[in-house]
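First the structure, in the form of structure tokens, and then the observations on it.
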Amino acid sequence: MSQAFRPKNYFKPVTVEQTCELLTQYGERARVISGGTGIYEVAHGGLLSDVECLVDLSALDLDHILVDESSIHIGATTTLSTMMDSSLLSHVKEISVLAEALRVIQPLQVKNVATIGGAICTALPFFDLPVALITLDASVRIAPKARIEKVSEFIEGYFSVDLGSGEFVTEILVPVAQRNGSVGSAFQKFAITGDDWALINCGALVRLDKGVISSVRLCFGGGIGEKPKKVEKTEKLLEGLRATDEIKIKSVLNENLPNELETISDIRASSEYRAHLAKVLGRRAIVLACNRALEPFRI
């Protein structure tokens, strides 16, 4: 932890109203925490020397996983381990992308304390959970006015999210898949070690109509810029392909991903290597999602 990070105040409010008041009072000098793993990563890089106040959300009633007719509701302070153990999240093939993203996040000690709200609000493109959530077209609910914003738009860049004065995330909303057509999803990741951040990760969700891809969501994270990125032109070109035609799926990805993804070079990997990984992982994710969507037809 950076020696420059020495906040003067620590608060543990018990209501949403108290939380918003504290965040308004301290403004840019305040940071929200729950599990604390995200802020540790940021502080370790020496980026929080101006923070004077920590606002701990763990006393709020934001630890839940509920479902209604339109969405799965996940409270912002719900830990990754709690999500992994939830039958609502682990036994629904349409959201396999989320269960698989949770599974590859290591080590277990981090999952036991890290929260879904922190994974989103830390806003690091190397994290796995935001990629899976964007793939599922998930949204965040933001206090105090309960405004709702897509995760894809809420994350603006490195350590930057769309929160105004006094605002904080209270809940994540994952849409329940409509039952017209067959739906499958999948998550893929490549990292140097088992508990490392992704060089490239990828989430895919496909909807099939009589074995043909009718719609696709394909999102990449890792070394691809400042935030996870959907590849909308490539998604459109995948529509109309048969779910079993791996050769054409591979061809579309190989030809078009280089035009939509700007991979980076750093000490861990070159831009060229990451671009190659994106093609491989994208193909694997699409094929696996298609296979899962086809399962009802094979029974």
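Under the working numbering, think of the first position of the sequence shown as 55, with each following residue one higher.
Virtual Cβ for every residue (Gly too), placed ideally from N, Cα, C.
Note that the coordinates shown come from a computational prediction; the quantities given were computed from them, not determined experimentally.
What do you get for residue i, buried or exposed, if any count of 16 or more other CB atoms within 10 angstroms of its CB means buried?
| i | result |
| --- | --- |
| K333 | buried |
| G336 | buried |
| V341 | buried |
| I246 | exposed |
| K62 | exposed |
| E148 | buried |
| R85 | buried |
| E225 | buried |
| E289 | buried |
| E221 | buried |
| I174 | buried |
Classify residue i as helix, strand or coil using the three-state DSSP reduction.
| i | result |
| --- | --- |
| F208 | helix |
| V194 | strand |
| I353 | Reliability of the predicted coordinates at I353 is poor, the pLDDT of 32 falling under 50, and no value is obtained from them. |
| P312 | helix |
| P229 | strand |
| T31 | What the structure shows of the chain is the stretch from 55 to 353, and residue 31 is not part of that stretch, so it cannot be assessed. |
| V176 | The question names Val, but residue 176 is Thr in the sequence shown. Here T176 sits in coil by DSSP. |
| S144 | helix |
| Q72 | helix |
| I149 | helix |
| G277 | coil |
| E298 | Correcting the residue type first, residue 298 is Thr in the shown sequence and not Glu. Looking at T298 - three-state DSSP - the assignment turns out to be coil, as it is neither helix nor strand. |
| S214 | strand |
By Cβ distance below 6 angstroms, which residues in the same chain neighbour residue i in space, the five residues on each side in sequence not counted?
| i | result |
| --- | --- |
| F351 | With a pLDDT of 44 at F351, under the threshold of 50, the modelled position of this residue cannot be trusted, and the question is left open. |
| S241 | As written in the sequence, residue 241 is Phe, which differs from the Ser given in the question. Excluding residues within five positions, the ones whose Cβ falls inside 6 angstroms are V151, E154, A155, A186 and G257. |
| K284 | C273 |
| F65 | L76 and V109 |
| D250 | none |
| G92 | G172 and T176 |
Please list, in chain order, all residues of the same chain as residue i whose beta carbon is under 7 angstroms from its beta carbon, the five residues on each side excluded.
| i | result |
| --- | --- |
| G248 | Q160 |
| V158 | D182 and K243 |
| R338 | Q242 |
| P312 | A329 |
| P308 | The residue asked about is misnamed: residue 308 is Asn in this sequence, not Pro. Closer than 7 angstroms at the Cβ level, and outside the excluded window around N308, lie K333. |
| R296 | G265 and V266 |
Using beta-carbon positions only, say whether residue i and residue j come within less than 8 angstroms of one another.
| i | j | result |
| --- | --- | --- |
| A347 | V260 | yes |
| I170 | I202 | no |
| S112 | S88 | yes |
| D320 | G276 | no |
| E280 | G172 | no |
| I209 | P184 | yes |
| G238 | I267 | no |
Using a Cβ-Cβ cut-off of 8 angstroms (strictly less than) and excluding sequence neighbours within five positions of residue i, which residues of its own chain qualify?
| i | result |
| --- | --- |
| S219 | L77, T78 and G81 |
| K165 | T133, L134, S135, M138, L156 and I159 |
| T69 | L114 |
| H118 | H127, I128, G129 and T132 |
| I353 | Low confidence applies here, because I353 scores a pLDDT of 32, under 50, leaving its location unreliable and the question unanswered by this model. |
Would the beta-carbon of residue i be found less than 7 angstroms away from any heavy atom of the ligand MN?
| i | result |
| --- | --- |
| I321 | Absence of the ligand MN from the depicted structure is noted, as is the absence of any ligand whatsoever, leaving it without description. |
Continuous beta strand (DSSP E) assignments of at least 3 residues falling wholly in the region 246–272: 254–263
Contained alpha helix (DSSP H) runs [length at least 4] in the region 79–132, N- to C-terminal order: 91–98
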